[in-house]
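Colleague:
Residue numbers (our numbering), protein chains in the order written: chain A, 4 to 629; chain B, 1228 to 1465.
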């Protein structure tokens, strides 16, 4: 019935030819020279006020009746989140950054109507001091290879026509008409694609075992349960280009013989849920999901399942338990989920980024894909570059680029003239990599050798003011809260690690603690049930490996060299530098500072709660922290 | 011809039995033949004298769960060049599998797990016995006072054997505990007082109460609050 209504509405595409002619007619309707204002509507830009900017544009365009001259579009995340809200004006791709609603009137007057550039909204490269006018010239983008993420900035994620116009669903058409399912699996194998969710398992091999597995009912699942602190690339991809993921899942489903798919997405990602929902609806309307897709006889539907808020549900067996409506706890995977997964049926689970790679491989060929990257890791990877870094944002680079290139060339280095200390890769189960390994090429195997991992692509940069013991404590604390508690090593071991690390940061560390931590780490890696527990010790082990002096300073000297651990620092006032301005005295919440005007102040240590307010407000650097 | 160990000490030379679902294993350097479709732990349990695999969260009456991890052994599927750690209670027996149950690595791992369990439950006899066997003297951690090791046997027995689910595991991580579902004030009418949970409990954390219903190991947390709330409610009207 619904199918017939859709057919009558005339939206439904009955064959690959119809898809192609629809694409041509969309392109023909579009005037490539027409001005189009695209505002980044990614989560980060929204957080900096992009929605108000969009409203201001709509309001201004309507008020001044400019609908004919200019069109407006809210796209997905462009990646340069540090400078949001971003506005790009097509066709020339004029690039305005940190746009506020007040700037909208001026952009319309100057740029849209008078054809001039608003100088003050342009991006100035802090390294060269050069003013950049067009988006492709921004150094942050220039040094990237944006094969997957590039389309995000051009597509309105809520409009399937945008995706079709950009060549969308052509890989699906190619797969359905020109390729046998086994050929698709072979192509994925040949491409060397590895799972982007963290494990780095060979995607083609997973597809093959799922294809070979016996069973009439098979499932295809997209893992969008991204939970690593500081990582948001899966979210941005699902928000900004949901159809690319649907297309990947469709191709995967056709290859393994599945008719039913699920997107398991965090409930905390409302925009991703909403855009995925719209995408599925529109794809159903166009006959790209549902029955007899593009006239091929292949049926496939996708359902969205919202996660219940457990980090461990990103683990495949826990995710499937959660999908089944059970408690999200992992189980042993001595038989792969590809053979016995959801409701004990063969299930193909891949990460958002992995699915997004699939249409690309089918369209451009495995040989093209395999040329990008290193011997063991092919293609590009999207990293979220966050922490103490100048250009916070999402970065897509070919595998094999060095950490230094990523952090200093693309990321723009460390702000405020501070020194680089370490980079934490791979989320809470990854490790901290120190400066001497900055020239390591980034791929699955190299990062593992350094005691860290690729993970889902989180990359947290830390400057010299970071205490590495405190960092390890933070991640262990995170994992303690997220451990499901099923197996002894993870439940008890992480808790004990957290106790020991808290003690060390509070100056109660004992010399034998490092051995105890090592023993606990061994128990976790060999004994834990799932990858969460098995890798949980990585932040501790890598910081002990590279920053042992800091541990020793905390344990033996009761000092925190970075000045972070409150119990181990003391604030005092340098009488020579203090001008007696009363500023810190007024700021101190406990009244611990005393002193007269124009006379050096002193801090009463018994009353000091070490909040650091005096340190932050002093203009003369007279407050000492040590 | 293969040498098959029966009851540990005696051995027999047998031909491969055609048509029988038999699997050849090597456990601690002894070749054994077992029927397929079972786990390593099940196979070894039936062969006294072969292997030494302790287990806490395993009970033959319920499905294996793999939570305590004490049954971890090393296995090799490729004739002994590469070994990995697996839980014996879950890992299926396979033709040609080499199993090692008593290597130094395994002993160290079990010792580590037992140390953690002993720190959680210092007064539990079964854990104390294991600690003695594996040479754990005093845990290096702050001692707790729990009796429950969260093996989940009681919950699984209630669900799988009785089909009731009158008790469940609530909360997660270190806060996980056995309680009535949704932290109900007391066990609901679903509990038929069969005592199965108390019977399978390896630590004696569940005892049968005078009313014929089990007394759960830890039923304190929300109860005091609920009691306080109920008191308030009874005072408030009028």
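For each residue, glycine too, the CB sits at the ideal point set by N, CA and C.
1) Who does residue 354 of chain A pair with in a DSSP beta bridge?
2) Taking buried to mean at least 16 other C-beta atoms within 10 Å of its own C-beta, is residue 374 of chain A buried or exposed?
3) Excluding five sequence neighbours on each side, which residues of the same chain lie with their C-beta closer than 8 Å to the C-beta of residue 133 of chain A?
4) Residues of chain A with a CB under 8 Å from the CB of residue 1290 of chain B: which are they?
5) Between A:106, A:114, A:95, A:107, which has its C-alpha nearest residue 138 of chain A's C-alpha?
6) When the Cα of residue 400 of chain A is compared with those of A:183, A:172, A:365, A:444, which residue comes out closest?
7) What's the gap between the Cα of residue 630 of chain A and the Cα of residue 149 of chain A?
8) Cβ of residue 1295 of chain B less than 8 Å from any chain A Cβ?
9) If the cut-off is 8 Å on Cβ atoms, which residues from the stretch 1359–1374 of chain B count as contacting chain A, listed in chain order?
10) With a threshold of 8 Å between beta-carbons, can residue 1349 of chain B be considered close to chain A, or not?
11) So, is the C-beta of residue 1352 of chain B closer than 8 Å to a C-beta in chain A?
12) For residue 40 of chain A, tell me which candidate among A:15, A:491, A:99, A:84 has the shortest Cα-Cα distance.
13) Ends of the alpha helix (DSSP H) at residue 184 of chain A?
14) Kindly list the residues whose CB is nearer than 6 Å to the CB of residue 84 of chain A, restricted to its own chain and excluding five residues on each side of it in sequence; keep chain order.
15) Run through chain B and tell me which residues come within less than 8 Å of residue 2 of chain A, C-beta to C-beta.
16) Name the residue from A:176, A:77, A:111 whose alpha carbon lies nearest to the alpha carbon of residue 67 of chain A.
17) So is residue 1432 of chain B in contact with chain A if we call contact Cβ pairs under 8 Å?
18) Quick check on residue 610 of chain A: buried or exposed, where buried means 16 or more other Cβ atoms within 10 Å of its Cβ?
19) Are the beta-carbon atoms belonging to residue 188 of chain A and residue 211 of chain A less than 8 Å from one another?
20) Residues of chain B with CB under 8 Å from residue 494 of chain A, in chain order?
21) Kindly say whether residue 1451 of chain B, judged by its beta-carbon, lies nearer than 8 Å to any beta-carbon of chain A.
22) Identify the contact partners of residue 525 of chain A in chain C, using a Cβ-Cβ distance below 8 Å as the criterion.
23) Tell me which residues share the same chain as residue 17 of chain A and place their Cβ nearer than 6 Å to its Cβ, disregarding the 5 neighbours each side in the sequence.
24) Just the Cα atoms here: how many angstroms apart are residue 406 of chain A and residue 427 of chain A?
25) Does residue 554 of chain A come within less than 8 Å of chain B when only Cβ atoms are used?
26) Check whether the Cβ atoms of residue 213 of chain A and residue 248 of chain A lie closer than 8 Å to each other.
27) From residue 276 of chain A to residue 233 of chain A, what does the alpha carbon distance come to, in whole angstroms?
28) Just mark residue 1419 of chain B as buried or exposed, buried being the case when its beta carbon has 16 or more other beta carbons within 10 Å.
29) Leaving out the 5 sequence neighbours to the left and right, which residues in its chain are closer than 6 Å to residue 1310 of chain B when beta-carbon positions are compared?
30) Where does the unbroken beta strand (DSSP E) through residue 465 of chain A begin, and where does it stop?
31) Note down, in chain order, every chain B residue with its Cβ under 8 Å from the Cβ of residue 502 of chain A.
32) Quick check: residue 535 of chain A and residue 387 of chain A, are their CB atoms within less than 8 Å of each other?
33) Just confirm the distance between the C-beta atoms of residue 304 of chain A and residue 292 of chain A, as a whole number of angstroms; I'd bet it's less than 8 Å.
34) Using a Cβ-Cβ cut-off of less than 7 Å, give me the residues of the stretch 1295–1326 of chain B that come near chain A, in sequence order.
35) Output the residue ranges of the alpha helix (DSSP H) runs that lie fully inside the stretch 273–353 of chain A and measure 4 residues or longer, sorted by chain position.
36) Between residue 1344 of chain B and chain A, is there a C-beta pair that is closer than 8 Å?
Modeller: The relevant details are as follows:
1) DSSP, once it has assigned bridges, lists A:226 as partnering residue 354 of chain A.
2) exposed
3) 127
4) In chain order: nothing, as chain A lies at least about 10 Å away.
5) A:95
6) A:444
7) Residue 630 of chain A lies beyond the stretch modelled for chain A, which goes from 4 to 629, so this question has no answer here.
8) yes
9) 1367, 1368, 1369
10) no
11) no
12) A:99
13) 184–194
14) 47, 395, 396
15) This structure does not reach residue 2 of chain A, given that chain A is present from 4 up to 629, and the question cannot be answered.
16) A:111
17) Taking Cβ atoms only, chain A never reaches closer than 8 Å to residue 1432 of chain B, which makes this a no.
18) exposed
19) Going by C-beta atoms, residue 188 of chain A is nearer than 8 Å to residue 211 of chain A.
20) In chain order: 1377, 1400, 1401, 1403.
21) Because the pLDDT at residue 1451 of chain B is just 48, under 50, the model does not fix this residue reliably, and the value given afterwards should be weighed accordingly. No, because no Cβ of chain A sits closer than 8 Å to the Cβ of residue 1451 of chain B.
22) No chain C is present in this structure, whose protein chains are A and B.
23) 298
24) For residue 406 of chain A and residue 427 of chain A, the distance between alpha carbons rounds to 11 Å.
25) no
26) no
27) 20 Å
28) exposed
29) Only 1301, 1303 meet the Cβ criterion.
30) 461–466
31) 1368, 1369
32) no
33) Between residue 292 of chain A and residue 304 of chain A the Cβ distance is about 6 Å, and since that is below 8 Å, they are a contact.
34) 1295, 1296, 1299, 1312, 1313, 1314, 1317, 1318, 1319
35) 273–288, 319–326
36) yes
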